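If you're matching positions, the sequence shown starts at 82 in the working numbering and goes up one per residue.
Beneath this line is the structure, given in structure tokens, with notes to follow.
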Amino acid sequence: MKKSNLVLALGLLISPLCSQANDGGIESPPKLIVKNSVKEVIDNYVKAIGGEAKMKDIRNMEMNMEAEIQGMQLVISGVTDQENKRMANLTEMNGNVVSKTIVKDGAGTVSAMGQEQALTEAQVAAVLKNQVYVFRELYLDELGVTAVFEGTEEVEGEEAYKLSFETGGDGNTTEYYSVATGLKIQTKSDIAGTILYKDYEDVDGLMMPMTMVIKNNMIPMPLEAKVTSIKFNQDLDDSVFN
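Structure follows, in structure tokens:
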């Protein structure tokens, strides 16, 4: 299971979870009162990202990233297709494919180090609830995800509201939203460990993080991945998911 956990952890880097904004053109939401609610946190997050209408217009996303670990070059590419409930992640190291994750038609496989393993029903459910929807916060009821407000916590020197997302399986996550900007700055989960989101840029009217840092027991040191491209609403070829 360690190989599949590592691949799922790398795959979560593709997930379009947004984070800390820079100062350029972002209006800070009003600071929320102590007796907070999940709805208030998510409403401010949606406003900071670019608005519900633009977010709900996204049907799919292609993202490519580059990283280096122990002198080896990684290229991580992913496609999330919420319209057809499918996802593909590919990781290459020094030009060679080292892992591939495919989820489609309610099933999934992980290929790593020359071996292929089927994902369990719980793992597939976790992917569908955590990764296939580009902006999951807008679809919590549809996905059957329960969100709970858990107060505030400091993340990398920044005060953040803490929400726990319960999916009913191993895919539970804890998300941290900046008090100052409303945007997400961190995700924690048993599978992926800790992911930080940094260096925002506007992509077709939506603020997206251009740097993601993952810390996980499966990885010997923090992995910093830089986004090289993001494309929304592409005409996807079925071969991408083979």
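A virtual CB, placed ideally from N, CA and C, is assigned to each residue, including glycine.
These numbers were taken from a predicted model, which means no experiment stands behind them.
Does residue i come out as helix, strand or coil in the three-state DSSP assignment?
| i | result |
| --- | --- |
| residue 170 | strand |
| residue 237 | coil |
| residue 104 | Below a pLDDT of 50, predicted positions are generally treated as unreliable, and residue 104, at 37, falls in that range; the measurement from the model is reported next regardless. Of the three classes helix, strand and coil, the one that applies to residue 104 here is coil, per DSSP. |
| residue 306 | strand |
| residue 264 | coil |
| residue 115 | Confidence in residue 115 is poor, its pLDDT being 42 and thus under 50, which makes the residue's placement too unreliable to answer from. |
| residue 215 | coil |
| residue 319 | helix |
| residue 133 | helix |
| residue 164 | coil |
| residue 154 | strand |
| residue 299 | coil |
From the DSSP output, read off the bridge partner residues of residue i.
| i | result |
| --- | --- |
| residue 159 | 144, 170 |
| residue 244 | 230, 256 |
| residue 192 | 181, 197 |
| residue 324 | Summary: the structure shown does not reach residue 324, with the chain confined to residues 82 through 323, and so no result is reported for it. |
| residue 288 | 283 |
For the putative contact between residue i and residue j, defined by C-beta atoms under 8 Å, what is the C-beta separation to the nearest angstrom?
| i | j | result |
| --- | --- | --- |
| residue 162 | residue 177 | With a Cβ gap of about 26 Å, residue 162 and residue 177 do not count as contacting. |
| residue 227 | residue 243 | Contact flag wrong, Cβ pair sits at about 15 Å. |
| residue 248 | residue 207 | 6 Å |
Check each candidate in the options and name the one with the smallest Cα separation from residue i.
| i | options | result |
| --- | --- | --- |
| residue 285 | 136, 190, 175 | 136 |
| residue 205 | 196, 184, 198, 214 | 184 |
| residue 275 | 262, 260, 265, 295 | 295 |
| residue 261 | 271, 239, 245, 252 | 239 |
| residue 232 | 199, 283, 160, 257 | 257 |
| residue 203 | 187, 230, 165, 192 | 187 |
| residue 269 | 144, 132, 251 | 251 |
Between which two residues does the beta strand (DSSP E) holding residue i run?
| i | result |
| --- | --- |
| residue 177 | 177 to 185 |
| residue 73 | Limits of the chain in this structure are 82 at one end and 323 at the other, which puts residue 73 out of reach. |
Over what stretch of residues does the alpha helix (DSSP H) that includes residue i continue unbroken?
| i | result |
| --- | --- |
| residue 208 | 202 to 211 |
| residue 122 | 119 to 130 |
| residue 221 | 221 to 224 |
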